[in-house]
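Participant: Under our numbering, the residue at position 44 of the sequence shown is numbered 396, and the numbers go up by one with no gaps.
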Amino acid sequence: MPKLRLVCLLGLLGALLPLAPAGPSAAEVWPPVAVEMRAARQGNLVTFVMLVVNRTDRPYAYELKARVPEGATLVGCQYGTDRADWRRCGADGQGNIGWNNPAGVAGGGTVGPYTFTVDISGAARPVSFAWLNLYNQSPAGSWTGPLVAPADTGPVSTVWAGVGSRTVAGNVFWPREVTVPAGTTLTFEVASDEPHTVTFLGSGPPPAAPPPLWPANLMPGGAAVVDGTRFVNTGIVGKGSHFYLTFPNPGQFRYFCAIHPGMEGVINVVGPGQPYTTQSEGWVRAEQERQQVLGLVPAARQQGLSAFRKTVRPDGTTLWEVQVGSLVQTPTGPLELLEYFPPTVTIRAGDTVRWKADSPHTVTFLAPGQRPPDPLETAPARPSANYEPGRFYNSGIFAFGPNAPTEFELTFPNPGTFPYLCLLHWPLGHMGTVVVEPR
């Protein structure tokens, strides 16, 4: 059959669920919850992506079942790597695959995404996604519909900035590249704990201050027009911030994050009658790119740990080299772990620790009672080569400009436990400890 990419939104599923595993009382029923579904087809492979959305303010346990189209073959499935639920992956003999979360989903929470791919080469035509069933103790209803739904053919509407939480920072826009009709308004939303900018350079010069210190000219929740002539910038913004950008003219518009080199995206704007990225294509492509980035976390962690070194010096002391951050490239942009490798290094009195970095971080030992200062306003401080408890030590921001440091070292003459942190990322958990044992 010809290669087609067909995408769909397979609707909203309402269900009345029991209040507890033992069943609800006569007066207690659950308000509707939702299963949000997307599917993309390429040739004979159809990839389904599902989210379970609790629209109530109360937690509930669930079991989700998906019906594989008759005659189709399941070729793979998984759930989001940052979720606490578990899966059953494989047909149950009746064409069902399922997921189960006995711990419950928090009120207002979303669980997933669940992704499974089926080969429809043996399925009867037309292919349909037969049914979806969400229940607790007993079936709660079903939905049947075709694989392709007209509601999904509108232009893509959202681009997300950043992937990951805490010390996992996928510095990517997803989907990285989309095509939209002229006049489309796209929502840009920051989805990671790491902050970002969304920055379009115009044909004229940008403001005088260099990146990333350009002032914001677009407030969170605000709107702007991107036509290639003007500078548009969100400033440094955090998770949940969103902006509405309208593209009135055909052309290609490249943008980037001013604080994360390599974090770039492309908006192609086309005229009437030209093909564009549909809503569902964008949704599925974004999810595929997100999972691709998060799938490289183990490789990034191994890379960071492999840089840990120790060298015994002629005087019998040891030089320990600790890697600050671990950066790997993905097909859509960089992934960085905001960690020290290792986070705790155990040495002996008289040993030296050397921290090395090739991306912006700090190594900072605070004085007792001191709050972490603004990293952009804090100069490097190394009052002595030997670490003295109670004094402030700061590497300055590594790899932040042509003259920025990439190394920082201290010798620890006295036993003790000495915590330190990164001034840029400590709210995300970027902290370390030097444990010094007697020699």
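No residue lacks a Cβ here, since even glycine has one placed at the ideal position from N, Cα and C. Remember, it's a predicted structure, so these values are computed and weren't measured experimentally.
Note down the Cα distance separating LEU657 from PRO602, rounded to an integer number of angstroms.
Facilitator: Here residue 657 corresponds to residue number 305 of the sequence shown, with the count starting at 1. Here residue 602 corresponds to residue number 250 of the sequence shown, with the count starting at 1. C-alpha separation (whole angstroms): 47 Å.
Participant: State the beta-bridge partners of CYS429 as determined by DSSP.
Facilitator: Start at 1 with the first residue of the sequence shown, and residue 429 comes out as number 77. PHE468, per the DSSP bridge assignment.
Participant: Which class does SER658 belong to by DSSP, given the choice of helix, strand or coil?
Facilitator: Reading the sequence shown from its first residue, position 306 is the one you call residue 658. In the structure shown, the three-state DSSP call for SER658 is helix.
Participant: List the residues that DSSP assigns as beta-bridge partners of HIS548.
Facilitator: To locate residue 548, count along the sequence shown from 1; it is residue 196. Answer is VAL589, bridged to HIS548.
Participant: Can you give the Cα-Cα distance for VAL532 and PRO507, rounded to whole angstroms?
Facilitator: If you number the sequence shown from 1, residue 532 lands on position 180. If you number the sequence shown from 1, residue 507 lands on position 155. For VAL532 and PRO507, the distance between alpha carbons rounds to 6 Å.
Participant: Please classify LEU486 as buried or exposed, where buried requires at least 16 other C-beta atoms within 10 Å of its C-beta.
Facilitator: The residue labelled residue 486 in the question sits at position 134 within the sequence shown. In this prediction, LEU486 has a pLDDT of 44, which is less than 50 and means its spatial position is unreliable; what the coordinates show is noted afterwards. Burial state of LEU486 is buried, judged by a 10 Å Cβ sphere holding 16 or more other Cβ atoms.
Participant: DSSP state of LEU671, grouped into three classes?
Facilitator: Stepping through the sequence shown from its first residue, residue 671 is reached at position 319. Here DSSP, grouped into helix, strand and coil, assigns LEU671 to strand.
Participant: Less than 8 Å separating the beta-carbons of LEU775 and ARG518?
Facilitator: Reading the sequence shown from its first residue, position 423 is the one you call residue 775. Reading the sequence shown from its first residue, position 166 is the one you call residue 518. No, these two residues do not count as a Cβ contact at 8 Å.
Participant: Take PRO559 and list the residues in its own chain whose beta-carbon comes closer than 6 Å to its own, dropping the five residues that flank it on each side.
Facilitator: Locating residue 559 in the sequence shown gives position 207, where the first residue counts as 1. Cβ within range, chain order: TRP566.
Participant: Decide if PRO771 is buried, meaning its Cβ has at least 16 other Cβ atoms within 10 Å, or exposed.
Facilitator: On the sequence shown, position 419 is the one that residue 771 refers to. Exposed, because fewer than 16 other Cβ atoms sit within 10 Å of the Cβ of PRO771.
Participant: Measuring straight from C-alpha to C-alpha, what distance separates GLY459 and LEU403?
Facilitator: Walking along the sequence shown from the start, residue 459 turns up at place 107. Walking along the sequence shown from the start, residue 403 turns up at place 51. Rounded to whole angstroms, GLY459 to LEU403 spans 15 Å at the Cα level.
Participant: If you measure between the beta carbons of VAL575 and VAL584, is that distance less than 8 Å?
Facilitator: To locate residue 575, count along the sequence shown from 1; it is residue 223. To locate residue 584, count along the sequence shown from 1; it is residue 232. It should be noted that the sequence gives Ala, not Val, for residue 575. No, Cβ-Cβ distance for ALA575 and VAL584 is not below 8 Å.
Participant: Would you list the one or two residues that DSSP bridges to MET571?
Facilitator: Counting from one through the sequence shown, the residue named residue 571 turns up at place 219. Beta-bridge pairing links MET571 to no other residue.
Participant: Does PRO502 pass the burial test, meaning 16 or more other C-beta atoms within 10 Å, or should it be called exposed?
Facilitator: To locate residue 502, count along the sequence shown from 1; it is residue 150. Any answer about PRO502 is weak, because its pLDDT of 35 lies below 50 and its placement is not dependable; what the coordinates show is given next. Exposed, by the Cβ-count rule.
Participant: Smallest Cα separation from PRO421: which of CYS429, GLN675, GLY447, VAL401?
Facilitator: In the sequence shown, residue 421 corresponds to position 69, counting from 1. It is GLY447 whose Cα lies nearest to the Cα of PRO421.
Participant: Hey, out of LEU426, TRP672, THR549, whose CA is closest to LYS591's CA?
Facilitator: Here residue 591 refers to the residue found at position 239 when the sequence shown is read from its first residue. For the residues LEU426, TRP672, THR549, the minimum Cα distance to LYS591 belongs to THR549.
Participant: Tell me which same chain residues have a C-beta within less than 6 Å of the C-beta of PHE744, skipping the five on either side of it?
Facilitator: Reading the sequence shown from its first residue, position 392 is the one you call residue 744. For PHE744, where only same-chain residues beyond five positions count, the Cβ hits under 6 Å are ALA719, ALA733.
Participant: Using the Cα positions of TRP495 and CYS441, report the straight-line distance between them to the nearest angstrom.
Facilitator: On the sequence shown, position 143 is the one that residue 495 refers to. On the sequence shown, position 89 is the one that residue 441 refers to. Low confidence applies to TRP495: its pLDDT is 30, below 50, so where it sits in the model is not reliable, and the reading given next is rough at best. TRP495 and CYS441: Cα-Cα distance of roughly 21 Å.
Participant: Are there 16 or more other CB atoms within 10 angstroms of the CB of GLN675, so buried, or fewer, so exposed?
Facilitator: Here residue 675 refers to the residue found at position 323 of the sequence shown. Its Cβ being crowded by 16 or more others within 10 Å, GLN675 is buried.
Participant: What residue from GLY721, ALA568, MET783 has the CA that sits closest to LEU689's CA?
Facilitator: On the sequence shown, residue 689 is found 337 positions in, with the first residue counted as 1. Minimum Cα distance to LEU689 is reached at MET783.
Participant: Would GLU541 and HIS594 qualify as a contact pair, given that the criterion is a beta-carbon distance under 8 Å?
Facilitator: What you label residue 541 is simply residue 189 of the sequence shown in a count that begins at 1. What you label residue 594 is simply residue 242 of the sequence shown in a count that begins at 1. In this structure, GLU541 places its C-beta atom within 8 Å of the C-beta atom of HIS594.
Participant: How far does the beta strand (DSSP E) with THR539 in it reach, from first residue to last?
Facilitator: Along the sequence shown, one-based indexing puts residue 539 at 187. Unbroken beta strand (DSSP E) run through THR539: 536-542.
Participant: Give me, in chain order, the residues of the same chain whose beta-carbon lies closer than 8 Å to that of THR433; leave out the 5 immediate sequence neighbours on both sides.
Facilitator: By one-based count along the sequence shown, residue 433 stands at place 81. Summary for THR433: the model assigns pLDDT 48, below 50, so the residue's position carries little reliability; its value from the coordinates is reported in the next sentence. Closer than 8 Å at the Cβ level, and outside the excluded window around THR433, lie GLN643, LEU646, GLY647, VAL649.
Participant: Check each candidate in HIS777, GLY516, ARG582 and name the one with the smallest Cα separation from THR598.
Facilitator: Translated into the one-based positions of the sequence shown, residue 598 becomes position 246. It is ARG582.
Participant: Going by DSSP, what residues sit across from ALA733 in a beta bridge?
Facilitator: The sequence position of residue 733 within the sequence shown is 381, counting from 1. In DSSP, ALA733 forms a bridge with ASN746.
Participant: From GLY315 to ARG528, what distance separates their C-alpha atoms?
Facilitator: As shown, the chain starts at 353 and ends at 791. That puts residue 315 outside it, with no answer to give.
Participant: Tell me, to the nearest whole angstrom, how far the beta carbon of CYS429 is from that of ALA513; I am working on the premise that it is less than 8 Å.
Facilitator: Taking the first residue of the sequence shown as 1, we reach residue 429 at position 77. Taking the first residue of the sequence shown as 1, we reach residue 513 at position 161. Not confirmed; about 28 Å, so no contact.
Participant: Are the Cβ atoms of GLU639 and PRO767 separated by less than 8 Å?
Facilitator: Within the sequence shown, numbered from 1, the residue matching residue 639 stands at position 287. Within the sequence shown, numbered from 1, the residue matching residue 767 stands at position 415. Contact: no.
Participant: Is SER747 closer than 8 Å to VAL715 when the C-beta atoms are compared?
Facilitator: Reading the sequence shown from its first residue, position 363 is the one you call residue 715. Reading the sequence shown from its first residue, position 395 is the one you call residue 747. Contact: yes.
Participant: Taking all protein chains shown into account, do 16 or more other C-beta atoms lie within 10 angstroms of the C-beta of ARG637, making it buried, or fewer, making it exposed?
Facilitator: The residue given as residue 637 occupies position 285 in the sequence shown. Buried, because 16 or more other Cβ atoms sit within 10 Å of the Cβ of ARG637.
Participant: Helix, strand or coil for HIS777? Go by DSSP, reduced to three states.
Facilitator: Taking the first residue of the sequence shown as position 1, residue 777 is located at position 425. Secondary structure at HIS777: coil, using DSSP grouped into helix, strand and coil.
Participant: Consult DSSP for ALA652 and reduce its assignment to one of helix, strand or coil.
Facilitator: Position 300 of the sequence shown, counting from 1, holds the residue named residue 652. In the structure shown, ALA652 sits in a helix (DSSP, three-state: H, G or I).
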